[in-house]
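Taking my numbering, the leading residue of the sequence shown gets -18, the next gets one more, and so forth. C-beta atoms are modelled at their ideal positions from N, C-alpha and C, and glycine is treated no differently. Okay, structure first, notes after.
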Amino acid sequence: MIRKLLHTRYRVNDLAKTVSFYKDVLGLEEVKRHKSPRGSELVFFKTPNSEELIEICSFPASGPVTLGPDVTHLAFEVDDMEAFALHAAARGYPLSDGPTESSSGCFAFIDAPEGYEIELIQYKK
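Structural data, given as structure tokens:
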């Protein structure tokens, strides 16, 4: 039986650019990095207030990563949407959609390297 969710993997073409995005734009903490037995380069990030890790994987032997639109995304809670949007835009990642008001607060999206979407949610206080 399943005990718990351990990590979510996103395979990428440009490991350095994606790792920089997760560190410098999202502010996540890199907790480990290693090469798998089959040759994948793996970088794991810890998200605040969560046990689940995010695994960023480079495995050129599998061929190039091609991502269709609106296939998957990660969602993160932010304290201040406007402040986060300014921070991300200053690093070259402006909001791609939103912010949009909702009954529980507001949400917006930014595009990570490789085309993966990141959803940002600010709940009403």
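Mapping the DSSP letters down to three states, classify residue i as helix, strand or coil.
i     : result
P45   : coil
A115  : This structure gives no information on residue 115, because the portion of the chain shown stretches from -18 to 106.
E10   : strand
L23   : strand
K106  : coil
D78   : strand
G36   : The residue asked about is misnamed: residue 36 is Glu in this sequence, not Gly. Strand.
T(-1) : helix
K16   : strand
L67   : helix
Determine, using beta carbons only, whether residue i and residue j come nearer to each other than 8 Å.
i   : j      : result
I99 : H54    : yes
A89 : G79    : yes
G73 : A42    : no
E22 : L(-14) : no
Are there 16 or more other CB atoms within 10 angstroms of the CB of residue i, so buried, or fewer, so exposed?
i      : result
A66    : buried
T47    : exposed
P18    : exposed
I(-17) : exposed
A93    : buried
A64    : exposed
S83    : exposed
T(-11) : exposed
S85    : exposed
T81    : exposed
If I'm right that residue i touches residue j with Cβ under 8 Å, what's the distance once you round it to whole angstroms?
i   : j   : result
L34 : V12 : 7 Å
Please name the residue, chosen from the options, that lies closest to residue i on a Cα-to-Cα basis.
i   : options                : result
I37 : E58, K27, M(-18)       : K27
L9  : L76, S39, V24          : V24
F57 : R14, S39, Y3           : Y3
P29 : T81, D60, R(-8), C87   : D60
M62 : V(-7), T(-1), V0, K106 : K106
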